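Step one of this worksheet: look at the structure below.
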Amino acid sequence: MPRLITVALALSLLLNGFFVAGFVFRGWIAPVTFEQRMPPPPPGPRPGVLEMVANDVSLDGSQREAMRGVFEQHTQARRDRFREIQKTREQIINEYKRTPIDPEKLAPLIDRLTDLRADQQKETVRALAQLEAKLTPEQRQRLHQVLVDRLSGPPPMSRQPGQPPPRPSQ
9 MPRLITVALA LSLLLNGFFV AGFVFRGWIA PVTFEQRMPP PPPGPRPGVL EMVANDVSLD
69 GSQREAMRGV FEQHTQARRD RFREIQKTRE QIINEYKRTP IDPEKLAPLI DRLTDLRADQ
129 QKETVRALAQ LEAKLTPEQR QRLHQVLVDR LSGPPPMSRQ PGQPPPRPSQ
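Heads up: the sequence shown begins at 9 in my numbering, then just goes up one per residue.
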């Protein structure tokens, strides 16, 4: 009997050792790759499209000061619209929870959500037009290139219907 207890304790110790070694290996020796590539988001509010584009075209101090009111107005309008979008999404979610799904109640909510998103894009375009008026010719060229690059993004994946999606590269 004491030999059986000794063997059981030895096996338990061995398993615990492998368990701890696995955590040490994963955490310190060979961390998972996606954890290395994903830096934590910076503290504070996330910049909007207008602020990111303004940084990309390298506004100088006087241009930034001239655009301060536009930035503040755009940020406030974006926040207000985002709140409205969130409320509308919550209403849509509540409708989805009901049985049966009522398309007559969902249709106006979906239309409202679409309108809010379209208004948000239109407001961004108006603010970009105001920004463009304050730029030098080189900055304007850079602005247009940045906008094209942001909108074109990566090319869509091409695959035939019925084929499974490609596996992510590792």
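Virtual Cβ for every residue (Gly too), placed ideally from N, Cα, C. Note that the structure is predicted; figures quoted are calculated from it, not measured.
For SER70, the enclosing alpha helix (DSSP H) stretches over residues 69-105.
Assignment of SER20 by DSSP, reduced to helix, strand and coil, places it in the helix class. Three or more Cβ pairs drawn from the stretch 135-152 and the stretch 74-82 lie within less than 8 Å of each other, which places the two stretches in contact. The Cβ atoms of LEU117 and GLN94 lie no closer than 9 Å to each other.
In this model, GLN129 and THR107 are separated by some 34 Å (Cα to Cα). In terms of Cβ geometry, LEU151 and LEU143 form a close pair [threshold 9 Å].
ARG86 is the residue among ARG86, GLN71, ASP119 whose C-alpha sits nearest the C-alpha of VAL57. Annotation: the continuous alpha helix (DSSP H) that includes PRO116 extends over 111-141.
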